[in-house]
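Enquirer: Submitted below is the structure of interest, expressed as structure tokens.
In full-length UniProt numbering, the protein residues as written are 1 to 397.
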């Protein structure tokens, strides 16, 4: 089931930068779209778990499964631009083109090939709000049917609003001295365009329409069930032994930028799930700068209470999660298939969340096949073909 979230108020989604009202770091800027963990907390306000008679614990956290999550703008699904493309600006329009492959032999680069741009010493153009492509362009990219792709600035669909506030003294319940701060909030609409957050979720049931609190300040939004399937591109028919994986959402891997199931020496690895298996070799990648992912726990700790001077018990605020670095959305990995077939590649990776970190389990869950895929929307993956031009540049992988 898909859900759409529209803003009633301006939204604020914090990043991992330190923030302290009245201190040195007194400025906080909202990110958009938010990290996938935000949706789990938001849906708790309106949804209940669907009970599974074969499961002993039918809690919300156990039953919720989040798949794709991101932005819908003017009725189009928006994907972060793949990082194996470079952008050119022409008369106010942004067009993306494929990066070329070049052998890394004789260099310290860890992979066999690196991606290069024909534009030497040229600064890429600034794309307001970040570069995105819609589902039609994404299909062309995955199918490798063209080398030119139309780019949409996300800033055309949102408004950033600066606000100045003052911290509150918890004891006096009034404005505190020396606690000024500034925030940049997001209004996901303007006079010409409108965008919404959207996600795929299963294991829960909710009313057709609900009002929820979302984000760090508990801003209001309307969540609506989408009865039809969203047009996320289907996988192409790949007639070679090379393919690429595109990450539509950030992914947390055990080895940083490298998935834990890939050997860092040979760059080969085997991915197995539900009696299906493929062995591949990673020969190139376009990975962006890591993003810090934190957040707060959704459930309260039973031991998180303390007695104050009046003898009453008070529950503390939910504790922050451990900070992790994630591969950013838009990252692309190039693989060669060594053992297995393309049907298994698509079955194992396409529209699957391949992020490896699990809260409370860390990375130690490889023997439990049901936990292979992430249930919180991190590392949502799409399988794409490699263009004939690029395949012609690949030798001795």
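Quick reminder that beta carbons are idealized off the backbone N, C-alpha and C, glycines included. It should be emphasised that the depicted structure is a prediction, and the values quoted were computed from it without experimental measurement.
What did DSSP end up calling residue 373 once you bin it into helix, strand or coil?
Expert: If DSSP states are grouped into helix, strand and coil, residue 373 belongs with coil.
Enquirer: Give the secondary structure of residue 314 by DSSP, where H, G and I count as helix, E and B as strand, and everything else as coil.
Expert: Summary for residue 314: the model assigns pLDDT 44, below 50, so the residue's position carries little reliability, and this model does not support an answer.
Enquirer: Given residue 231, which residues of its chain have a CB within under 7 Å of its CB, disregarding the five upstream and five downstream residues?
Expert: Here the set comprises 77, 135.
Enquirer: Determine the burial state of residue 84: buried for a count of at least 16 other Cβ atoms within 10 Å of its Cβ, exposed for fewer.
Expert: By the neighbour-count rule (16 or more Cβ atoms within 10 Å), residue 84 is buried.
Enquirer: For residue 182, which residues does DSSP report across the bridge?
Expert: DSSP output for residue 182 lists 27, 164 as bridge partner(s).
Enquirer: DSSP on residue 196, reduced to helix/strand/coil?
Expert: Correct three-state label for residue 196: strand.
Enquirer: Return yes when at least one heavy atom of the ligand MN lies under 8 Å from the C-beta of residue 200, else no.
Expert: This structure does not include the ligand MN; it has no bound ligands of any sort.
Enquirer: Kindly indicate the opening and closing residues of the beta strand (DSSP E) around residue 219.
Expert: That run of the beta strand (DSSP E) goes 219-226.
Enquirer: For residue 48, which residues does DSSP report across the bridge?
Expert: For residue 48, which the question treats as bridged, DSSP gives the partners 205.
Enquirer: May I ask you to report which of helix, strand or coil DSSP gives residue 350?
Expert: Coil.
Enquirer: Using alpha carbons as the reference points, say which of 279, 353, 221 lies closest to residue 187.
Expert: For residue 187, the nearest C-alpha among the options comes from 221.
Enquirer: Select from 279, 33, 394, 372 the residue whose C-alpha is nearest the C-alpha of residue 198.
Expert: Taking only the C-alpha atoms, the option nearest residue 198 is 33.
Enquirer: Bridge partners of residue 159, per DSSP?
Expert: Note: residue 159 sits in a beta bridge opposite 187.
Enquirer: Please say whether residue 345 and residue 287 have beta carbons closer to each other than 9 Å?
Expert: Cβ atoms of residue 287 and residue 345: not closer than 9 Å.
Enquirer: Report the start-end ranges of each beta strand (DSSP E) in the segment 247-308 that is 3 residues or longer and not cut off at the edges.
Expert: As far as the segment 247-308 is concerned, its whole beta strand (DSSP E) runs of at least 3 residues are 268-273, 276-286, 291-293, 305-307.
Enquirer: For a quick check, are the C-beta atoms of residue 379 and residue 66 less than 9 Å apart?
Expert: No. Outside cutoff.
Enquirer: With a 10 Å radius around its C-beta and 16 neighbouring C-beta atoms as the bar for buried, classify residue 8 as buried or exposed.
Expert: Exposed, by the Cβ-count rule.
Enquirer: Which residues share a DSSP beta bridge with residue 6?
Expert: In the DSSP output, where bridge partners are listed per residue, residue 6 has 222.
Enquirer: For residue 168, does the count of other Cβ atoms within 10 angstroms reach 16, so buried, or fall short, so exposed?
Expert: Exposed, by the Cβ-count rule.
Enquirer: Which residues does DSSP list as the beta-bridge partners of residue 100?
Expert: According to DSSP, which records beta bridges pairwise, residue 100 is partnered with 116.
Enquirer: In angstroms with no decimal places, state the Cα-to-Cα distance between residue 395 and residue 99.
Expert: The alpha-carbon atoms of residue 395 and residue 99 are separated by roughly 17 Å.
Enquirer: What three-state label does DSSP hand residue 78 in the structure shown?
Expert: Reduced to three states, the DSSP call for residue 78 is strand.
Enquirer: Taking the beta carbon of residue 312 as the centre, do at least 16 other beta carbons fall within 10 Å, making it buried, or is it exposed?
Expert: Because residue 312 carries a pLDDT of 42, less than 50, the predicted location of this residue cannot be relied on, and no value is offered for it.
Enquirer: If residue 95 and residue 148 are in contact, beta carbons under 8 Å, what's the gap, nearest whole angstrom?
Expert: With a Cβ gap of about 6 Å, residue 95 and residue 148 count as contacting.
Enquirer: If distances are taken between C-alpha atoms only, which option among 204, 25, 106, 184 comes closest to residue 158?
Expert: The residue with the shortest Cα to Cα distance from residue 158 is 184.
Enquirer: Under a Cβ-count criterion, where at least 16 other Cβ atoms within 10 Å of its own Cβ denotes burial, should residue 423 be classed as buried or exposed?
Expert: No information on residue 423 is available, as it lies outside the stretch 1 to 397 that the chain covers here.
Enquirer: Per DSSP, residue 320 forms a beta bridge with which residues?
Expert: Beta-bridge pairing links residue 320 to 296.
Enquirer: Measuring only the C-alpha atoms, how far is residue 143 from residue 150?
Expert: Roughly 15 Å between the two C-alpha positions.
Enquirer: Should the segment 208-226 be regarded as contacting the segment 118-125, the criterion being three or more beta carbon pairs within less than 8 Å?
Expert: No, because fewer than three Cβ pairs between the segment 208-226 and the segment 118-125 fall closer than 8 Å, the two stretches do not touch.
Enquirer: Taking only the alpha-carbon atoms, compute the straight-line gap between residue 194 and residue 5 and give it to the nearest angstrom.
Expert: About 12 Å.
Enquirer: Taking the alpha carbon of residue 391 as the point to measure from, which residue in 334, 355, 375 has its own alpha carbon closest?
Expert: Selected option, being the one with the closest Cα: 334.
Enquirer: Does residue 396 come out as helix, strand or coil in the three-state DSSP assignment?
Expert: Three-state result, residue 396: coil.
Enquirer: Start and end of the beta strand (DSSP E) containing residue 150?
Expert: Segment 148-153, the beta strand (DSSP E) holding residue 150.
Enquirer: Pull the bridge partners of residue 239 from the DSSP assignment, please.
Expert: Note: residue 239 sits in no beta bridge, so no partner.
Enquirer: Going by the CB atoms, is the gap between residue 397 and residue 243 shorter than 9 Å?
Expert: Contact: no.
Enquirer: Give the straight-line distance between the Cα atoms of residue 384 and residue 64, rounded to the nearest whole angstrom.
Expert: Computed Cα separation, rounded: 28 Å.
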